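**Q** For the record, in the sequence shown the residue sitting at position 13 is 43 according to the numbering used here, with numbers rising by one throughout. Built from N, CA and C at the ideal position, the CB exists for glycine as well. Remember, it's a predicted structure, so these values are computed and weren't measured experimentally.
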Amino acid sequence: MAFAYNVDRAVAAVPDHLKSNAGLVYDRAYWRRIKGKNEGAEQLLLETEVDGRNIGRSDRWWRERHFQARRAMKEGRYDAAYRLAAEHGLLDGYDRQADGQQETDLSDELPRRTRAQIAEAECWQDGLPCASKTVRHRLWNISRP
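1. Rounded to whole angstroms, how far is the Cβ of Glu94 from the Cβ of Tyr56, which I believe are closer than 8 Å?
2. Quick one: Cα of Glu77 to Cα of Leu114, how far?
3. Looking at Leu74 and Arg62, is the spacing between their C-beta atoms short of 8 Å?
4. Could you name the residues of the same chain whose beta carbon sits closer than 6 Å to that of Ala59, not counting the 5 residues immediately before and after it, in chain order?
5. Taking the straight line between their C-alpha atoms, what separation do you get for Asp109 and Ala102?
6. According to DSSP, is Asn68 helix, strand or coil?
7. Taking Gln98 and Asn68 to be in contact with their CB atoms under 8 Å, please state how far apart those CB atoms are, rounded to whole angstroms.
8. Spatial neighbours of Ala111 within its chain, please: CB distance less than 6 Å, with the 5 preceding and 5 following residues excluded, ordered by chain position.
9. Just to check, is the beta-carbon of Ala40 closer than 7 Å to a non-hydrogen atom of the ligand GTP?
10. Which class does Val37 belong to by DSSP, given the choice of helix, strand or coil?
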């Protein structure tokens, strides 16, 4: 369905109770993004409430929302970016067991982070837009003008 020729007709044929299915919503948002219809993809993701227990591939669902949130931030639409990131519908935390990894404390992850990743995380923590210039300034301790 992700690359169906007449996707509007195909979606119209879907019963109403299945139109908010996480898999279908993901495919529709992904199709719209690939076809350059980002506004439609964002609108679809914002309008659809998804129960985190019913998302089969939560990594893909999050990746699509994350892509749209980053695009919204680059365009200066911070409210939409926040809603895309905050209203994701996923269960708390990262599901390591689904990825075949065992549970670990976040402190186990920190030594593997690069200085640039840590600088970007600090930038986000301070509530600043994280342009690469800001990260470079933080990374090299350069005072901003």
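**A** The short version:
1. 6 Å
2. 10 Å
3. yes
4. Ala71, Leu74, Leu75 and Glu94
5. 9 Å
6. helix
7. 7 Å
8. Ala99, Ala102 and Met103
9. For the ligand GTP, the structure offers nothing, since it holds no ligand at all.
10. helix
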